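Using the working numbering, the first residue of the sequence shown is number 101, and each one after it goes up by one. Read through the structure below, which is laid out as structure tokens, and then see the notes.
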Amino acid sequence: MEHYPVLKEKVLEFMKIKEGGIYVDATCGYGGHSKFILENSKNITLIGIDKDIEAVEKCREFLKEYKNFKAVYGGFENLREILKGLGIERIDGILFDLGFSLNQVKDPERGFGIYSEGPLDMRYDRNSPLTAGEILNRWSRKDLIRIFKDYGEIKNCEKVVEKIIERRKKREFKTTREFADFISSVLSKRGKIHPATKFFLALRIAVNNELEVLKKGLLEAAEVLKSSGRILVISFNSLEDRIVKRFFKNRKDIGVITKKPIIPSDEEIKKNPASRSAKLRVGEKL
Ligand SMILES: C[S@@+](CC[C@H](N)C(=O)[O-])C[C@H]1O[C@@H](n2cnc3c(N)ncnc32)[C@H](O)[C@@H]1O
101 MEHYPVLKEK VLEFMKIKEG GIYVDATCGY GGHSKFILEN SKNITLIGID KDIEAVEKCR
161 EFLKEYKNFK AVYGGFENLR EILKGLGIER IDGILFDLGF SLNQVKDPER GFGIYSEGPL
221 DMRYDRNSPL TAGEILNRWS RKDLIRIFKD YGEIKNCEKV VEKIIERRKK REFKTTREFA
281 DFISSVLSKR GKIHPATKFF LALRIAVNNE LEVLKKGLLE AAEVLKSSGR ILVISFNSLE
341 DRIVKRFFKN RKDIGVITKK PIIPSDEEIK KNPASRSAKL RVGEKL
């Protein structure tokens, strides 16, 4: 399967790579952006980070010819600690390409896919304890309403939550297909977008605590960046994008390079439909 790293040309352009610099790909996945950066730079050190141990192993194998690349298993929210472990204090630039990878969503066992049959998992890091099934089957009515409202931006979710509670008393939710079909039957509406899409997004955000983790990752990145070093963030939903936008705006030591987010061209979207909701924002340490 061909892999198209999202907005890769723009990433390269805005990273303003300097010879001899130290860069971080905070969400390296299988190494798409990392490879493009390595191919188009000279004498840099590139550190790839991912919470998914499988991705880290694949990435190491994929980029093994590059001796100036190192992939580390961990969360970008622990950036400083990870860098410290490598003897690095300051960096020249960092990329966050948020969310899940195509490899993760296409593997039914990971439980991200609305159209596939797999366990209700949705963890990027399979060593962390909380799964989507645990949330759906154990969390309180109040907490379910909170995550569907706050993370899924689903306005009238109370009735659906009542139905979830009723249903789980009889039989727990076990698979992604089961939950997706359940939402379809409760909402009984059909369109281009699956009615369970926002429920899946909310669960994924809750499982991985994505919004808090992003805030912490950005904070740590701003702390370790050298002056004129850049933070690039590609986000895929409005909640993430808002956090990034506010973060750049509120930090006195970060200049906003992209007044408006950069989005993929029609041509890129045609080649890679998964890129259609991507937004790239760039900030520079003053
Ligand atoms: C969109 S994919 C990255 C794809 C990659 N840029 C490429 O071109 O191949 C996002 C990756 O971020 C990872 N991830 C999500 N949250 C993370 C976190 N807090 N720390 C580190 N990695 C994370 C996921 O496991 C996934 O592999």
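Beta carbons are placed, not taken as given, at the ideal position from N, Cα and C, and that holds for glycine. For clarity, every value in this text was computed on a predicted model and none was experimentally measured.
- Look at ASP243 here: in three-state DSSP terms it is helix.
- Judged by DSSP secondary structure, GLY185 falls within the alpha helix (DSSP H) whose first and last residues are 179-185.
- With fewer than three CB-CB distances shorter than 8 Å, the segment 320-328 does not count as touching the segment 233-248.
- ALA322 sits in a helix when the DSSP states are folded into three classes.
- Shortest Cα-Cα distance from HIS103 to any of LYS371, LYS316, ALA378 and SER377 involves LYS371.
- CA-CA distance, SER134 to SER240, rounds to 41 Å.
- Boundaries of the alpha helix (DSSP H) around ASP281: 276-287.
- Between ligand 1 and the CB of TYR224, the shortest heavy atom gap is smaller than 7 Å.
- Counting other Cβ atoms within 10 Å of its Cβ, ARG346 stays below 16 and is therefore classed as exposed.
- Taking 7 Å as the cut-off, one finds at least one heavy atom of ligand 1 near enough to the beta carbon of HIS103.
- Looking at the DSSP output, PRO219 sits in a beta bridge with THR275.
- Listed in chain order, the non-local C-beta contacts of SER335 below 7 Å within the same chain comprise LEU198, ASP341, VAL344 and LYS379, local neighbours out to five positions each way being set aside.
- When only Cα atoms are considered, LYS167 and PHE136 end up about 15 Å apart.
- Taking the Cβ of ASP281 as the reference point, every heavy atom of ligand 1 lies at 7 Å or farther away.
- For the options LEU386, GLY129 and GLU312, the alpha carbon positioned closest to that of PHE348 is the one of LEU386.
- Counting only residues of its own chain and dropping the five nearest sequence neighbours on each side, VAL333 has a CB closer than 6 Å to the CB of PHE196, VAL344 and ARG381.
- One Cα belongs to GLY211, the other to VAL356, and the distance between them is close to 36 Å.
- Within 7 Å of the C-beta of ASN140 there is not a single heavy atom belonging to ligand 1.
- Counting every other CB atom within 10 Å of its CB across the protein chains shown gives ASP353 a total below 16, marking it as exposed.
- Taking the Cα positions, GLY329 is about 35 Å away from PHE300.
- Around the beta carbon of GLY187, a 10 Å sphere encloses fewer than 16 other beta carbons of the protein chains shown; the residue is thus reported as exposed.
- Contact between ILE149 and CYS128 holds: CB atoms are separated by about 6 Å, below the 8 Å threshold.
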